[in-house]
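Student: Below: one structure in C-alpha cells.
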C-alpha cells in the first residue's frame, strides 16, 4: 500500500480510538456525572437535561450501540451538544470563538521554535564543542521548566515589574474584534509574551534533538565520502548532513506536537489568553463535561491533521518514502 | 595491545583505582551534575518534612503574617493565609517525587511488557500492539488526562498515579520493541531457544537484561513526564487540593493572585523546584545517552587534536606525536636531560591508555 494511504488509514484508526475513548469514559467512570452537573446548574431546562443524559450515557435511551451510533453521527455533524455552564450556548459556537486564537498563537510560535531550534541544532552539531554546545545545559533548564511557570516568570518580569507587555488577555478591553488595524495591532502586541514563552520553552528540545541527529549523521560514511571528494563545506553541511538529519527531526516534530500543544494550552491560562486553553480551564472548574470532551476531540484532531501534514512533507523530502510506494 | 607501563609508580595501582571508581568517573560531567542535583532533591524529600519548622497547612491567624516576604522566621515567606512557604515546599517535593516515582515504575513495567511482547512474539501480536502504541503516542495525553481526572469523583494521589501510568507507557514501549527486534535475532537467543528454554525464561533472562540501559533511560524520561503532567494537572485544579504538592502550591498561588499581589516568593520556589528537578533528569538522561553513544559527547577534547581545532570537514589528521609546548630555552635544556629519553615511550603509553579509556560505555550500550 502506498505510504500516504497507510498513514491515512492509521490516522483514521487513531481518530476512531479517540472518539471511542471519549464515548466510553463517562460511562465507565464511577459516580453520576449528570447528577454532579445538575446539582451545580439547577436551572437547566428539561431538553438540555435530556441532551446531557444522551451525551453522558445515563438514563439509557436505547441500547449502548444505538447510543454509540447516534454519538458518531452527532460528531460527524460537528454537533458537540449544549454547553451547561454558558447555557444555552452550544459547545461548537464556543469552540469556534476560541480556536482561531489558539491556532494563530500556538501554531506560529511552534513553527518559529522548530525552525530556530533546528537551525541552532545544525550549528551546534557542526561545531561540536563550540559556544552553542556549552550553553546547551542552560537551555535544558528552560526545556525542563513547565510552560506555565515560565509564563508566570515572564509576566512577573515584563508585565508586573516593568510594564513593557500587557498583563494577559488577547486584546485591549473595549476594542471590537474585527479586521481593522487597532484590533490587529493590539492582538499582536498581546500575543508577543505568550509566543516568547512557547519559543523559549521548546526551542531547546528541538535544538538538542537536531544536534544529536547531526552528530550521528556526520559520522556516516557518505559524509566522509563527500568530504573526501573535496566538496565545499557548505555543500557537505546542507546537502549531505542536514538533509539526512532533517527527516528524523521532522518525524520527531509530529510526535512531540501533542506535548507542545498541551503545554501551550496550560500556558494560555496564565495569560488569560482567550484561546482553547482558557476555555478548558473554565470547563474544568465548572465541571462542564460536554465542553471538556469536545475540547479533547478538537485538540486530538488538530494534532492528527498536523501529523498528516508532516507526513506529506516527509514524502516530498524523502525519496525512500516514495520508493516504498513503488515496491510495496 | 601492549600498554607501556608508567615508569616509576607501582603499575598495578592505576587500573585498580580506575576499576573502583570506574562508572562514576566515566559518567559525563552533565550526568554527574544531574545526579547530584537529583540527589539533593531526594534528600530534601526524605528529610525535609521531618525538619520542617511549621505544619504546611497551618494558617497563622495573625494579620501581619499574611503574604509576609521572606525573613528569618519564615525563610521563604508566607502565603495569603499565613502558611509557611518553605514547609509547603518540602512537603510538596516529597509528594511530587513520590508520585513521579510511582508512575515511573508502573509505566516502565507496562512499556516493558508491551514492547517486549510486540518485539518478541511478532506476527499479529506485533501488528496489534504496535498499532495501539502508535495510536496512544499520537493522541495528545494532557487533554485526555484532564477528562479522565475530571470525571473521577476523588482525585487523590493514587488515582493520579494510575491515570498517569495508564497513558505514560507508549514512548517506552516503542523504544523497547525496536531494541527487542534487534536482539531477537542474535545467536544467544537462538541458542537458548535450541536448548529448550521456555519463552518466558528467554524473555526474563536473555532479552530484558540486555535492555537495562534503555529501560533506565526510559524510566528517567517517564519520571520527567510524570512530574510535568502532574504539576500541570494540579495547576488547573485537577488534584487533591487539600494536599501540598508542587502543583497544588502553584494552583493556590495562581488562584489567589500571587502574581498580581507581587508575592513572588509564593510561586517562584515551587516552580523553580519543578524546573530544577526536571533539569536534573534531562541532564542525567542526556548523560546516559552520551555514555551509550560516544558520538554525542561534547567534550572539547573531541573536537581537538594536538591543540588544533577540528571541523568535521577537515581530513582525518595524521599527526606525528606532537611535542608538548615548551619555550625554546626549556626545550634546549630538556634535550640534554635524561627524561627526554622517556618521552617517546611515555607518549606511546599515554596514547594507548587514552584510546582504551575512550571507549566507555561499550559495555553499557
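Chains as they are written, first to last, in the numbering used here: chain A, 30 to 357; chain B, -9 to 355.
All C-beta atoms in this analysis are idealised placements derived from N, C-alpha and C, irrespective of residue type, glycine included.
This one's a predicted model, so the numbers in the text were calculated from it and none came from an experiment.
Any Cβ of chain A within less than 8 Å of the Cβ of residue 222 of chain B?
Tutor: The count along the second chain starts at 1 and reaches residue 222 of chain B at position 232. Yes, residue 222 of chain B counts as interfacial toward chain A.
Student: Count the other CB atoms, across all protein chains shown, that sit within 10 Å of the CB of residue 224 of chain A; report buried if there are 16 or more and exposed otherwise.
Tutor: Within the first chain, residue 224 of chain A is the residue found at index 195, counting from 1. With 16 or more Cβ atoms within 10 Å of its Cβ, residue 224 of chain A is classed as buried.
Student: Per DSSP, what are the beta-bridge partners of residue 68 of chain B in this structure?
Tutor: As a working mapping, residue 68 of chain B is identified with position 78 in the second chain. BP columns for residue 68 of chain B point to B/74.
Student: Please decide whether residue 172 of chain B counts as near chain A, where near means a Cβ-Cβ distance under 8 Å.
Tutor: The residue given as residue 172 of chain B occupies position 182 in the second chain. False, the Cβ-Cβ gap to chain A never drops below 8 Å.
Student: Leaving out five residues on either side along the sequence, give the residues of the same chain with a beta carbon under 6 Å from the beta carbon of residue 291 of chain B.
Tutor: Within the second chain, the letter at position 301 stands for residue 291 of chain B. Residue placement at residue 291 of chain B is poorly supported in this model, since its pLDDT is 46, which falls under 50; the coordinates still yield a value, given next. Around residue 291 of chain B: no qualifying Cβ.
Student: Measuring only between beta-carbons, confirm whether residue 128 of chain B sits less than 8 Å from chain A.
Tutor: Within the second chain, numbered from 1, the residue matching residue 128 of chain B stands at position 138. Residue 128 of chain B counts as touching chain A.
Student: How many angstroms separate the CA atom of residue 97 of chain B from the CA atom of residue 156 of chain B?
Tutor: As a first step, residue 97 of chain B is located in the second chain; it is residue number 107 there, counting from the start. As a first step, residue 156 of chain B is located in the second chain; it is residue number 166 there, counting from the start. Cα to Cα, residue 97 of chain B sits roughly 7 Å from residue 156 of chain B.
Student: Cβ of residue 172 of chain A less than 8 Å from any chain B Cβ?
Tutor: Here residue 172 of chain A is taken as the residue at index 143 of the first chain, counted from 1. Closer than 8 Å to some Cβ of chain B, the Cβ of residue 172 of chain A qualifies, so yes.
Student: Helix, strand or coil for residue 287 of chain A, going by three-state DSSP, please let me know.
Tutor: One-based indexing of the first chain puts residue 287 of chain A at position 258. In the structure shown, residue 287 of chain A sits in a helix (DSSP, three-state: H, G or I).
Student: Under 8 Å, Cβ to Cβ, is there at least one residue of chain B near residue 101 of chain A?
Tutor: In the first chain, residue 101 of chain A corresponds to position 72, counting from 1. With 8 Å as the cut-off, residue 101 of chain A does not count as an interface residue toward chain B.
Student: Please confirm whether residue 25 of chain B has its beta-carbon closer than 8 Å to some beta-carbon of chain A.
Tutor: Within the second chain, the letter at position 35 stands for residue 25 of chain B. It does not; no Cβ of chain A falls within 8 Å.
Student: Where does residue 48 of chain B fall in DSSP's three states?
Tutor: The residue you call residue 48 of chain B lines up with position 58 of the second chain. Note: residue 48 of chain B maps to coil in three-state DSSP.
Student: When you compare only the Cα positions, how much space is there between residue 209 of chain A and residue 201 of chain A?
Tutor: Along the first chain, read from residue 1 onward, the residue named residue 209 of chain A stands at position 180. Along the first chain, read from residue 1 onward, the residue named residue 201 of chain A stands at position 172. Roughly 14 Å between the two C-alpha positions.
Student: Taking DSSP as the reference, what is the three-state secondary structure of residue 340 of chain A?
Tutor: For this step, residue 340 of chain A is matched to residue 311 along the first chain. Helix.
Student: Checking contacts by CB at 8 Å: is residue 349 of chain B closer than that to chain A?
Tutor: Along the second chain, one-based indexing puts residue 349 of chain B at 359. At residue 349 of chain B, the pLDDT of 37 sits below 50, so the modelled position is not reliable; the number obtained from the coordinates is stated separately. No, because no Cβ of chain A sits closer than 8 Å to the Cβ of residue 349 of chain B.
Student: CB-CB under 7 Å to residue 304 of chain A, same chain, minus the five flanking residues each way: which ones, in chain order?
Tutor: What you label residue 304 of chain A is simply residue 275 of the first chain in a count that begins at 1. Answer for residue 304 of chain A: 127, 130, 131, 134, 297, listed in chain order.
Student: So, at 7 Å on beta carbons, what are the nonlocal neighbours of residue 215 of chain B in its own chain, with the 5 sequence-adjacent residues on each side left out?
Tutor: Indexing the second chain from 1 puts residue 215 of chain B at position 225. Residues 158 of the same chain have their beta carbon placed closer than 7 Å to that of residue 215 of chain B, with the five preceding and five following residues left out of the count.
Student: DSSP state of residue 274 of chain A, grouped into three classes?
Tutor: Position 245 of the first chain holds residue 274 of chain A. Residue state, collapsed to three classes: helix.
Student: Do the stretch 240 to 259 of chain B and the stretch 64 to 71 of chain B touch if we need at least three Cβ pairs shorter than 8 Å?
Tutor: yes
Student: Should residue 174 of chain A be labelled buried (16 or more other beta-carbon atoms within 10 Å of its own) or exposed?
Tutor: As a working mapping, residue 174 of chain A is identified with position 145 in the first chain. With 16 or more other Cβ atoms within 10 Å, it is buried.
Student: For residue 58 of chain B, decide whether its Cβ has a neighbour in chain A, counting only Cβ atoms nearer than 8 Å.
Tutor: For the purposes of this step, residue 58 of chain B is taken as residue 68 along the second chain, with counting starting at 1. False, the Cβ-Cβ gap to chain A never drops below 8 Å.
Student: Output yes or no for whether 8 Å exceeds the beta carbon distance between residue 147 of chain A and residue 278 of chain A.
Tutor: What you label residue 147 of chain A is simply residue 118 of the first chain in a count that begins at 1. What you label residue 278 of chain A is simply residue 249 of the first chain in a count that begins at 1. Closer than 8 Å, so yes.
Student: Kindly list, in the order they appear in chain B, the residues whose Cβ is closer than 8 Å to that of residue 322 of chain A.
Tutor: Numbered from its first residue, the first chain carries residue 322 of chain A at position 293. Per Cβ cutoff of 8 Å: 137.
Student: Relative to the C-alpha of residue 261 of chain B, which candidate in B/235, B/191, B/247, B/24 has its C-alpha closest?
Tutor: For the purposes of this step, residue 261 of chain B is taken as residue 271 along the second chain, with counting starting at 1. Residue B/235 is the option with its Cα nearest to residue 261 of chain B.
Student: Decide if residue 145 of chain B is buried, meaning its Cβ has at least 16 other Cβ atoms within 10 Å, or exposed.
Tutor: Here the question's residue 145 of chain B lines up with position 155 in the second chain. Buried, since its Cβ has 16 or more Cβ neighbours within 10 Å.
Student: Does residue 254 of chain B get closer than 8 Å to chain A when you measure Cβ to Cβ?
Tutor: Your numbering for residue 254 of chain B matches position 264 in the second chain. Closer than 8 Å to some Cβ of chain A, the Cβ of residue 254 of chain B qualifies, so yes.
Student: Can you find a CB in chain B that lies within less than 8 Å of the CB of residue 42 of chain A?
Tutor: Taking the first residue of the first chain as 1, we reach residue 42 of chain A at position 13. For residue 42 of chain A, the answer is yes, since a Cβ of chain B falls inside 8 Å of its Cβ.
Student: Chain B beta carbons: is any one of them nearer than 8 Å to that of residue 149 of chain A?
Tutor: The residue given as residue 149 of chain A occupies position 120 in the first chain. With 8 Å as the cut-off, residue 149 of chain A does not count as an interface residue toward chain B.
Student: By alpha-carbon positions, which one of B/133, B/241, B/162 ends up nearest to residue 227 of chain B?
Tutor: Reading the second chain from its first residue, position 237 is the one you call residue 227 of chain B. Minimum Cα distance to residue 227 of chain B is reached at B/241.
Student: Can you name the start and end residues of the alpha helix (DSSP H) that residue 152 of chain A belongs to?
Tutor: By 1-based counting over the first chain, the position of residue 152 of chain A is 123. Where residue 152 of chain A is concerned, the enclosing alpha helix (DSSP H) stretches over 137 to 155.
Student: Which chain A residues are close to residue 166 of chain B, counting only those with a beta carbon under 8 Å from its beta carbon?
Tutor: Taking the first residue of the second chain as 1, we reach residue 166 of chain B at position 176. Result: empty, since nearest Cβ-Cβ is about 16 Å, beyond 8 Å.
Student: Comparing the C-beta of residue 166 of chain A with each C-beta of chain B, is any distance below 8 Å?
Tutor: As a first step, residue 166 of chain A is located in the first chain; it is residue number 137 there, counting from the start. At least one chain B Cβ lies under 8 Å of residue 166 of chain A.
Student: Within the 8 Å Cβ cut-off, does residue 54 of chain A reach chain B?
Tutor: In the first chain, the residue the question calls residue 54 of chain A occupies position 25. So yes, residue 54 of chain A belongs to the interface.
Student: Take every Cβ of the stretch 219 to 235 of chain A, pair it with every Cβ of the stretch 336 to 346 of chain A, and state whether three or more of those distances are shorter than 8 Å.
Tutor: In this structure the stretch 219 to 235 of chain A does not lie against the stretch 336 to 346 of chain A, because fewer than three pairs of beta carbons, one per stretch, are closer than 8 Å.
Student: Got a sec, what are the start and stop residues for the alpha helix (DSSP H) residue 243 of chain B sits in?
Tutor: Counting from one through the second chain, the residue named residue 243 of chain B turns up at place 253. First-last of the alpha helix (DSSP H) with residue 243 of chain B: 236 to 245.
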